[in-house]
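Notes follow once the structure below has been shown.
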Amino acid sequence: MKNIYMKLLKSAAVIAVAFSMTSCLEKLPGDYILEEEGMKNLSDAEQTLTGIYTAYMSSALYSGYLTLCPDIQADFVYAVQGNTNQFGTHWLWDIRSTNSEVESVYAALYRVIGRCNFYLDQVEELRNSLTDDAEIQYLDYYTGEVYCARALAYSELLKCYCKAYDPATAESELGVVLADSYFGEKPARRASLKESYEFVIRDLEKAEEMLDEENDGFDAPYFTNASAHAIHARVALYMQDWDAAIEHSTVLIDSDAFMLATARSYATDTQTFLQYLWTNDTSYENIWRIGYTATSYGGAQGSVFLNFTTDYTYYYPDYVPAQWVLDLYDSGDMRYNAYFANAKTGYPHQLTWPLLVKYYGNEGLMQNLIYHVNMPKPLRLAEQYLIRAEAYCQKTNYSSASADLSALRESRFSAGGTISVNAGNWQQTISDERVRELYMEGFRLHDLKRWGKGFERTPQSQTQSEGSSLKIEAGDPLFVWPIPNHEIVSPGSQIQPNESNR
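For the sequence shown, the positions run 541 to 1042 when the working numbering is used.
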């Protein structure tokens, strides 16, 4: 079955999408399969599934805005003097409901959801028409992938456009528009936060039931049973369901299909497995990776940190890492060398600084002169260790949390790496470790939001003065992105705005 999926995904091309700015909830399956033809056979179902995976290649999602904007908005980077102002409104906390990145992320996620709904609305009729048991088995597996894809898209909408989940208030807080079918008209209104998260959990439970764990494997470019558990663990953590977070992360940590990328042994003559994870995007710890080829790939998420292609001689980064982040790494922590490299920039001020090279680019793609493009790795085993450690701490099981953190750190250190947490230090320790491991992977803004923390910037060398001195209090409305204005004002819309809408 894996070979069929691999063949399917390798043949997928980037598909142009027609997008009406009147509403992101408009139905758009016609861009990859004729609506009037629908899903008549297994081949049509495969085509529809391919369209879903292609939608996840969007530069508005993991290879661009969804990954970069939350961390640029938070306290991870500083804008360099002379930068191009890309993502400048996020860095300045001047985000409006007409912001192009906010609109694009929202649209791209609902595009995924629309394609999933197009499939799910028709799959039962198709299944009933099939007589071959093997085809039925394939179709059921495809359906599990679609439920997983929809759950992930909704979970990202909840992370960006809703408040952090509090079990005591979730029923009265705004969630997202639950567009659960393609055909038929329904009023566009937001469900409660509780209803929205419960919808995601139901989709994940269906995916876990339909996806066979025997097909789990590292670097999978399609959703697997492991993918569903990884998303479930993350969502459970966000819901403060500590037991479920532990349960689902344990499935992955105990799995024989995955292993942390170690810095203590080599994948090649010159690169450790940890380095190879980022230079070639392949690793035993990748649970789900978006597969790119030289003719089918997403955005260049490394550009704003390097801009080497300006003259192919110097680097002109828009953003450089915050000094406090760099100071978090101990001398034996090999993540530092895998993520950062000291370089003199090409600006007139000649700033020399550790630049982010985590997304320098996939070496295979660079052979085709495609720079700063890496295959996104939205689901990694390392995150599962961090999820379980945090959940253990919430249950005051500090010895198990210490074991998980130590296991992760030992894989990242040239020697040593063990660490211990207790009632007094676990929150800061978990926070620091998530910074060190997940730097610039899109988690920081939501982490601060769910922990009820703010932050303060103080100027660094050769950084843009505007925004370098910025204090954001916990609970600031812009921790929750505004709902795009066109969603609020489109005809027939009953969508309520966020407090940050302006």
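In this text, a Cβ means the ideal position worked out from N, Cα and C, and glycines have one as well.
Compute the beta-carbon to beta-carbon distance between Tyr-762 and Thr-849, rounded to the nearest angstrom, for a pair I have assumed lies under 8 Å.
Your numbering for residue 762 matches position 222 in the sequence shown. Your numbering for residue 849 matches position 309 in the sequence shown. So it is not a contact: roughly 31 Å between Cβ atoms.
Which whole-angstrom value describes the C-beta separation of Phe-616 and Arg-984, a residue pair presumed to lie in contact below a C-beta threshold of 8 Å?
Locating residue 616 in the sequence shown gives position 76, counting from the first residue. Locating residue 984 in the sequence shown gives position 444, counting from the first residue. Sure, about 6 Å apart at Cβ, within 8 Å.
If you follow the beta strand (DSSP E) that Thr-892 is in, where does it begin and where does it stop?
Taking the first residue of the sequence shown as 1, we reach residue 892 at position 352. Run containing Thr-892: 892-896, per the beta strand (DSSP E) assignment.
By a C-beta neighbour count over all protein chains shown, 10 Å radius and 16 as the cutoff for buried, is Arg-729 buried or exposed?
As a first step, residue 729 is located in the sequence shown; it is residue number 189 there, counting from the start. Counting Cβ neighbours within 10 Å, Arg-729 comes out exposed, since fewer than 16 surround it.
Can you give the beta carbon distance from His-630 to Cys-609, rounded, assuming they're within the 8 Å contact cut?
Position 90 of the sequence shown, counting from 1, holds the residue named residue 630. Position 69 of the sequence shown, counting from 1, holds the residue named residue 609. Rounded, the Cβ-Cβ distance is 5 Å, consistent with contact.
According to DSSP, what are the bridge partners of Lys-734?
By one-based count along the sequence shown, residue 734 stands at place 194. Beta-bridge pairing links Lys-734 to no other residue.
Less than 7 Å between C-beta atoms, sequence neighbours within five positions excluded: which residues of the same chain meet that for Asn-962?
Translated into positions along the sequence shown, residue 962 becomes position 422. The answer, listed in chain order, is Tyr-938.
Val-716 to Pro-861, Cα distance in whole Å?
Here the question's residue 716 lines up with position 176 in the sequence shown. Here the question's residue 861 lines up with position 321 in the sequence shown. Cα to Cα, Val-716 sits roughly 33 Å from Pro-861.
Gly-591 lies in the alpha helix (DSSP H); which residues open and close that run?
As a first step, residue 591 must be located in the sequence shown, where it is residue number 51. Run containing Gly-591: 582-595, per the alpha helix (DSSP H) assignment.
Exposed or buried, what is Lys-703 when buried is set at 16 or more other beta-carbons lying within 10 Å of its beta-carbon?
As a first step, residue 703 must be located in the sequence shown, where it is residue number 163. Burial call: buried.
What are the start and end residues of the alpha helix (DSSP H) that includes Ala-647?
As a working note, residue 647 is residue 107 in the sequence shown. 640-669 is the extent of the alpha helix (DSSP H) around Ala-647.
My assumption, with CB atoms under 8 Å, is that Thr-1003 sits in contact with Ala-619. Please give the rounded CB distance.
Here residue 1003 corresponds to residue number 463 of the sequence shown, with the count starting at 1. Here residue 619 corresponds to residue number 79 of the sequence shown, with the count starting at 1. Yes, Thr-1003 and Ala-619 are in contact; Cβ-Cβ is about 6 Å, under 8 Å.
Pick out whichever of Leu-817, Asp-809, Val-775, Asn-765 has its Cα sitting closest to the Cα of Ser-795.
Along the sequence shown, one-based indexing puts residue 795 at 255. Closest by alpha carbon: Asn-765.
Alpha carbon to alpha carbon, how far is Leu-698 from Gln-1036? Give it in angstroms, no decimals.
Position 496 of the sequence shown, counted from the start, is the residue given in the question as residue 1036. Position 158 of the sequence shown, counted from the start, is the residue given in the question as residue 698. Approximately 15 Å, taken between the alpha carbons.
When the distance is taken between beta carbons, is Ala-719 closer than 8 Å to Ile-771?
Counting from 1 along the sequence shown, the entry for residue 771 is found at position 231. Counting from 1 along the sequence shown, the entry for residue 719 is found at position 179. Contact: no.
Using only alpha-carbon positions, find the residue among Lys-580, Glu-787, Ala-840 that is nearest to Tyr-600.
Within the sequence shown, the letter at position 60 stands for residue 600. Per the sequence shown, the amino acid found at residue 600 is Ala instead of Tyr. Checking every option, the nearest Cα to that of Ala-600 belongs to Ala-840.
Excluding sequence positions up to five away, which residues of its chain have a Cβ less than 8 Å from the Cβ of Ala-947?
Counted from its first residue, the sequence shown places residue 947 at position 407. Excluding sequence neighbours, Ala-947 sits near Leu-800, Tyr-925.
Can you check which of these residues, Pro-916, Lys-884, Arg-804, is closest to Tyr-602 by C-alpha distance?
For the purposes of this step, residue 602 is identified with residue 62 of the sequence shown, where counting begins at 1. If we check each option's Cα against that of Tyr-602, Pro-916 comes out closest.
Does the beta-carbon distance from Glu-748 to Ala-768 come in below 8 Å?
For this step, residue 748 is matched to residue 208 along the sequence shown. For this step, residue 768 is matched to residue 228 along the sequence shown. Yes, Cβ-Cβ distance for Glu-748 and Ala-768 is below 8 Å.
Can you tell which of Glu-711, Gly-724, Lys-884, Thr-969 has its C-alpha closest to the C-alpha of Glu-738?
Numbered from its first residue, the sequence shown carries residue 738 at position 198. Comparing Cα positions, the closest option is Glu-711.
For Val-1029, I'd like the list of residues in its chain whose CB is within less than 8 Å of its CB, leaving aside the five on either flank, ordered along the chain.
As a position in the sequence shown, residue 1029 is number 489, starting the count at 1. For Val-1029, where only same-chain residues beyond five positions count, there are no Cβ hits under 8 Å.
Name the DSSP beta bridge partners of Trp-828, please?
Within the sequence shown, numbered from 1, the residue matching residue 828 stands at position 288. According to DSSP, Trp-828 bridges with Leu-919.
With C-beta atoms as the reference, is Gly-894 less than 8 Å away from Ala-878?
The sequence position of residue 894 within the sequence shown is 354, counting from 1. The sequence position of residue 878 within the sequence shown is 338, counting from 1. Reading the sequence as shown, one finds Pro at residue 894 and not Gly. It is not a contact, given that the beta carbons lie outside the stated cut-off.
Thr-819 and Glu-923 look like a contact to me (Cβ under 8 Å); what is the Cβ gap, rounded to whole Å?
The count along the sequence shown starts at 1 and reaches residue 819 at position 279. The count along the sequence shown starts at 1 and reaches residue 923 at position 383. Between Glu-923 and Thr-819 the Cβ distance is about 20 Å, and since that is not below 8 Å, they are no contact.
Ala-556 by DSSP, collapsed to three states: which one?
Translated into positions along the sequence shown, residue 556 becomes position 16. Bear in mind that a pLDDT of 31 at Ala-556, under 50, signals an unreliable position, so the number given afterwards is only what the model happens to contain. Coil, per DSSP.
Using the rule of at least 16 other Cβ atoms within 10 Å of the residue's Cβ for burial, across every protein chain shown, is Asp-944 buried or exposed?
Position 404 of the sequence shown holds residue 944. Asp-944 should be labelled buried.
Whole angstroms is fine: what's the gap from Met-906's alpha carbon to Arg-651's?
As a working mapping, residue 906 is identified with position 366 in the sequence shown. As a working mapping, residue 651 is identified with position 111 in the sequence shown. Going from the Cα of Met-906 to the Cα of Arg-651 covers about 29 Å.
Provide the residue(s) that pair with Arg-774 in DSSP beta bridges, ordered along the chain.
Numbered from 1 along the sequence shown, position 234 holds the residue referred to as residue 774. According to DSSP, Arg-774 bridges with nothing at all.
By the 10 Å Cβ neighbour count, where 16 or more other Cβ atoms means buried, how is Lys-935 classified, buried or exposed?
Along the sequence shown, read from residue 1 onward, the residue named residue 935 stands at position 395. So Lys-935 ends up on the exposed side.
Going straight from the alpha carbon of Ile-1023 to that of Glu-641, what length do you get?
Along the sequence shown, one-based indexing puts residue 1023 at 483. Along the sequence shown, one-based indexing puts residue 641 at 101. Each residue's alpha carbon lies about 12 Å from the other.
Could you tell me the alpha carbon to alpha carbon distance between Ser-1033 and Leu-733, rounded to whole angstroms?
Start at 1 with the first residue of the sequence shown, and residue 1033 comes out as number 493. Start at 1 with the first residue of the sequence shown, and residue 733 comes out as number 193. Computed Cα separation, rounded: 19 Å.
Could you check what DSSP says for Met-546 in three-state terms: helix, strand or coil?
The residue labelled residue 546 in the question sits at position 6 within the sequence shown. Residue placement at Met-546 cannot be trusted, given a pLDDT of 38 that sits under 50; what the coordinates show is reported in the next sentence. Three-state result, Met-546: helix.
What whole-angstrom Cβ distance do Ala-797 and Gly-757 have, given they're in contact under 8 Å?
As a working note, residue 797 is residue 257 in the sequence shown. As a working note, residue 757 is residue 217 in the sequence shown. At roughly 5 Å, the Cβ-Cβ gap stays under 8 Å, so Ala-797 and Gly-757 are in contact.
Name, in chain order, the residues that DSSP records as bridge partners for Ala-619.
The sequence position of residue 619 within the sequence shown is 79, counting from 1. Partner(s): Tyr-859.
When you compare only the Cα positions, how much space is there between Thr-683 and Thr-588?
By 1-based counting over the sequence shown, the position of residue 683 is 143. By 1-based counting over the sequence shown, the position of residue 588 is 48. Spanning the two alpha carbons is a distance of roughly 11 Å.
With 16 as the cutoff for other CB atoms within 10 Å, does Glu-930 come out buried or exposed?
One-based indexing of the sequence shown puts residue 930 at position 390. Burial call: buried.
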